[in-house]
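Numbering (the numbering used here), first residue to last: 214 to 344. C-beta atoms are modelled at their ideal positions from N, C-alpha and C, and glycine is treated no differently. All values reported here derive from a predicted model rather than from experimental measurement. For reference, the structure discussed in these notes is given below.
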């Protein structure tokens, strides 16, 4: 409610839409979160976190093609973030058909760039098993 009031007062502030999207996401209202992240991107297309969070929504909704696109955009803006590669790898594995080669490349980069390596290593192993 407070974010909605803030948006009404300052609709040009991308972070207001982003923060409201985070609230919607935590409340399980993925579609509303997706719309707010999209609005944040429309206002400010240079913030990687906006693409990352919209990519998460697309992934939750089963739209893995769009999820891959958003993680790719986040990587273009912030290439040193291992979480972006990790999440894009998951989306690659969920495509129909899965793209295990691209997923494996992303898991390798996630391992290299992340401080917590157990998730990308575990999923990398699953990817290799499915190839």
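Enumerate in chain order the residues of its own chain whose CB-to-CB distance from residue i is below 6 Å, with the five nearest sequence positions on each side excluded.
i	result
residue 295	323, 326 and 327
residue 227	253, 256 and 257
residue 300	284
residue 312	305
residue 235	none
So for residue i, helix, strand or coil by DSSP?
i	result
residue 259	coil
residue 274	coil
residue 268	helix
residue 243	helix
residue 285	helix
residue 319	helix
residue 225	coil
residue 249	helix
residue 314	helix
residue 280	helix
For the alpha helix (DSSP H) that contains residue i, what are its first and last residues?
i	result
residue 219	215 to 222
residue 341	331 to 343
residue 306	295 to 307
Counting only the same chain and skipping the five closest in sequence on each side, list residues whose C-beta sits under 8 Å from that of residue i.
i	result
residue 220	226, 229, 230 and 233
residue 247	234, 267, 270, 271 and 274
residue 290	259, 260, 261 and 264
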